[in-house]
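Going from the sequence shown to our numbering is simple: count from 1 and add 371.
Here's the structure we're looking at; comments come further down.
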Amino acid sequence: MNHRHNSATGETEARKQFTAEFSTALDAHKGLLQELRTEVKDLKVEIAHLRLELRESEEYVNALIAGIANGTVPPIPARERTLVDMT
372 MNHRHNSATG
382 ETEARKQFTA
392 EFSTALDAHK
402 GLLQELRTEV
412 KDLKVEIAHL
422 RLELRESEEY
432 VNALIAGIAN
442 GTVPPIPARE
452 RTLVDMT
């Protein structure tokens, strides 16, 4: 009878320890997941900005090509930043 009691107590303690370790690991993963979600959100914003910038550049290149073809080159717009600034 005493052996069963000690065995049950040992199992209970082992489960408590496992639960504590699992909770610690889960909390760490939750923190990492939140960091990754934030990073993905920031990257999506940056990608949207870069796509807009690319579209504007392509439109300007098309305007330059048309201007060269018909002899009326449009004025060069001011650059806000360069690729070096982005690194």
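Glycine included, every Cβ here is placed at the ideal spot set by N, Cα and C.
Below 6 Å CB to CB, which residues in the same chain sit around residue i once its five sequence neighbours on both sides are set aside?
i, result
"residue 434", "445"
Skipping 5 residues on each side, what residues in its chain have a beta carbon closer than 7 Å to that of residue i?
i, result
"residue 397", "none"
"residue 413", "none"
Near residue i, which residues of its chain fall below 8 Å by C-beta distance, leaving aside the five closest residues on each side in sequence?
i, result
"residue 403", "none"
Check your understanding: Which ranges does the beta strand (DSSP E) cover as unbroken runs of at least 3 residues, wholly within the segment 392-455, from first to last along the chain?
Key -> Counting only runs of 3 or more, we get nothing.
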